[in-house]
Amino acid sequence: MEIIQLVEEKILQVSEKVLNVLDGEIEYDTFTKLLKEELDGLGSDILKEVLEALDAQIKENRRDRKGWVVERKADPKSILTPFGDMVYNRTYYKNKETGEYKYLADEKAGITSHMRVDSTLKSDIADAATKVSYEKATEEVSRFNQDLKLSKQTVANTVKEFELEPLEQPEEKKKVSNLYIEADEDHLSMQTSKRSETKLIYVHEGIKGKKRRSLKNCQHFTTITESPDKFWLTVCDYIESHYDTKDTNIFISGDGAKWIRVGEEYIPNATYILDKFHLSKYIIAATGHAPKLRRQIYKNIKNLDQEAVFENLQEALTKADTEARQKRIMATIKYIKNNWDGIEASVNHPEVGCSAEGHVSHILASRMSSRPMAWSEKGATKMAEMLATKANGKSVKEAYLSTKGRQEAEIVNLQNQIKQELKKLTTKKKLGKANNGNVPLMNGKYNLTRTAIKGLNRKQII
Numbered sequence: 000m001e002i003i004q005l006v007e008e009k010i011l012q013v014s015e016k017v018l019n020v021l022d023g024e025i026e027y028d029t030f031t032k033l034l035k036e037e038l039d040g041l042g043s044d045i046l047k048e049v050l051e052a053l054d055a056q057i058k059e060n061r062r063d064r065k066g067w068v069v070e071r072k073a074d075p076k077s078i079l080t081p082f083g084d085m086v087y088n089r090t091y092y093k094n095k096e097t098g099e100y101k102y103l104a105d106e107k108a109g110i111t112s113h114m115r116v117d118s119t120l121k122s123d124i125a126d127a128a129t130k131v132s133y134e135k136a137t138e139e140v141s142r143f144n145q146d147l148k149l150s151k152q153t154v155a156n157t158v159k160e161f162e163l164e165p166l167e168q169p170e171e172k173k174k175v176s177n178l179y180i181e182a183d184e185d186h187l188s189m190q191t192s193k194r195s196e197t198k199l200i201y202v203h204e205g206i207k208g209k210k211r212r213s214l215k216n217c218q219h220f221t222t223i224t225e226s227p228d229k230f231w232l233t234v235c236d237y238i239e240s241h242y243d244t245k246d247t248n249i250f251i252s253g254d255g256a257k258w259i260r261v262g263e264e265y266i267p268n269a270t271y272i273l274d275k276f277h278l279s280k281y282i283i284a285a286t287g288h289a290p291k292l293r294r295q296i297y298k299n300i301k302n303l304d305q306e307a308v309f310e311n312l313q314e315a316l317t318k319a320d321t322e323a324r325q326k327r328i329m330a331t332i333k334y335i336k337n338n339w340d341g342i343e344a345s346v347n348h349p350e351v352g353c354s355a356e357g358h359v360s361h362i363l364a365s366r367m368s369s370r371p372m373a374w375s376e377k378g379a380t381k382m383a384e385m386l387a388t389k390a391n392g393k394s395v396k397e398a399y400l401s402t403k404g405r406q407e408a409e410i411v412n413l414q415n416q417i418k419q420e421l422k423k424l425t426t427k428k429k430l431g432k433a434n435n436g437n438v439p440l441m442n443g444k445y446n447l448t449r450t451a452i453k454g455l456n457r458k459q460i461i
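Read in numbering that gives the first Met the number 0, the sequence shown has 60 at position 61, and its numbers run on one by one without any break.
(1) Run the CB neighbour count on Tyr100, radius 10 Å, all protein chains shown included, and call it buried at 16 or more, exposed below.
(2) Between Val175 and Tyr242, how many whole angstroms is the CB-CB distance? I'm expecting something under 8 Å.
(3) Could you check what DSSP says for Gly253 in three-state terms: helix, strand or coil?
(4) Quick one: grab the DSSP three-state call for Val116.
(5) Please classify Lys300: does DSSP put it in a helix, a strand, or coil?
(6) Grouping DSSP H, G and I as helix and E and B as strand, with all else coil, what is Ile332?
(7) What residue range is occupied by the uninterrupted beta strand (DSSP E) comprising Gln218?
(8) For a test of your reading of the model: does the CB of Leu38 fall under 6 Å from any non-hydrogen atom of the ligand MN? Yes or no.
(9) How many angstroms separate the CA atom of Tyr271 from the CA atom of Ser252?
(10) Does the distance from the C-beta atom of Val395 to that of Met385 stay below 7 Å?
(11) What do you reckon, are the CB atoms on Lys148 and Ser141 nearer than 7 Å?
(12) Thr157 by DSSP, collapsed to three states: which one?
(13) Tell me the DSSP secondary structure of Lys16 in three-state form.
(14) Taking the Cβ atom as the reference point for each residue, do Leu33 and Lys16 lie within a distance shorter than 7 Å?
(15) Using CA coordinates, which residue listed in Ala284, Leu11, Phe30 is at the minimum distance from Ala330?
(16) How about the segment 186–206 and the segment 154–169: do they share at least three Cβ pairs that are nearer than 8 Å?
(17) Let me make sure I understand the geometry here. Which of Glu397, Trp374, Gln4 has the alpha-carbon closest to that of Ser132?
(18) Taking 7 Å as the cut-off, decide whether the C-beta atoms of Ile180 and Val154 are in contact.
(19) Any idea what DSSP makes of Leu505, helix, strand or coil?
(20) For my contact list, Leu232 and Asn338 are in at a C-beta cut-off of 8 Å; report their separation, rounded to the angstrom.
(21) So what does DSSP say about His348, is it helix, strand or coil?
(22) What separation, rounded to the nearest whole angstrom, lies between the Cα atoms of Gly205 and Asn347?
(23) How is Thr227 classed by DSSP in three states: helix, strand or coil?
(24) For Glu306, I'd like the list of residues in its chain whose CB is within less than 6 Å of its CB, leaving aside the five on either flank, ordered along the chain.
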């Protein structure tokens, strides 16, 4: 393996550029750019060496590839990596029994026949796409290396390849006094000219912290295509596997949407609480022309006097001077009637709040609906899953790579060979003393630059 030689050569090239900086021949900013290019080149060369070493290892070990015979040698393949474009050669094999053809080294490394962008770079792209548009995501990834500039379609395809990691199962179930389930949705524009919505449910154990308040052990779930029943089953499975709810008070908070109230069927011991924010929106819409009645309605709700609330709304209806206003009042009457149990529970449990509207805005809407854009169903689904992954405190990059099923163990098998060469390097101090003669300035007359370089060399920096 030529990895050590590659590193040596690259260090020598970098050393010359260090000298140029110290001598004032190039500016520091230019040096930074050149250094990035050199290190990217080194990374690409090392990847090539590792893959070709894996190919050689397979070729030499006939027992492990029993039945496979060499069909062609040194077939080139180009793949885009975080370091830039990398071209390597590998061997093409044929199975004597089945007649199947394969690049065994590619298979071991998890590189598919049509792969043009490697999974690590794709994970960078996917992560960038959760923050900005597809166009800006590819600009972000390629800001220091224009070879990494990809099309918006490639970014879209990368997003669609994301798969959720299965939830980790705890060793034992947790016992908590209260468990809170909050739900809301974000409305999307779709490429089919239809509207759709991303449903969000999150489960937590309450609020922690005083100055910077946050939700304790919060787990987020999203869906676009699943039925309410299937979505709630997913949430119930999580609660069942993580909590012993025998003595737990469970609260479901939301705006009264039908899909949210389905949760009561799957968690029958839960108390449903209507979100005060959405209730206020209806009351304000119904009493824009009668502010005194609005205050009376709030007072009667606090006293749980349902009859008085409807009397107030009927009075507002008689004072309404437009059909639109009358419709808003009728909608408010219907809303309060359908959700009175949730209103009652909200008054009886004033300590239980609902931040679902803010969660939707922060987690989903800021990326998916706050700017003009149209989503495909699959693209929206995967984006929502990635945003939920981030909200759960996990890395989108790591999640992307972990679900690719890459057989990294075969690459790791080369580590002993690499370690041996690194050991030799440390023992012989190759990067320092062995190559001093290859740097002209090291053998020149005394000057400040030569003195500085020798100091770096003594410390094994170059």
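Each residue gets a CB set at the ideal place from its N, CA and C atoms; glycine is no exception.
Let me lay it out:
(1) exposed
(2) 6 Å
(3) strand
(4) strand
(5) For the sequence presented, residue 300 should be read as Ile rather than Lys. The answer is helix: DSSP assigns Ile300 an H, G or I state.
(6) helix
(7) 218–222
(8) In the structure on display, the ligand MN does not appear, and there are no ligands present to speak of.
(9) 6 Å
(10) yes
(11) yes
(12) helix
(13) helix
(14) yes
(15) Ala284
(16) no
(17) Trp374
(18) no
(19) In the structure as shown, the chain begins at 0 and stops at 461. Residue 505 is therefore absent and cannot be evaluated.
(20) No, Leu232 and Asn338 are not in contact; Cβ-Cβ is about 24 Å, not under 8 Å.
(21) coil
(22) 17 Å
(23) It should be noted that the sequence gives Pro, not Thr, for residue 227. Helix.
(24) none
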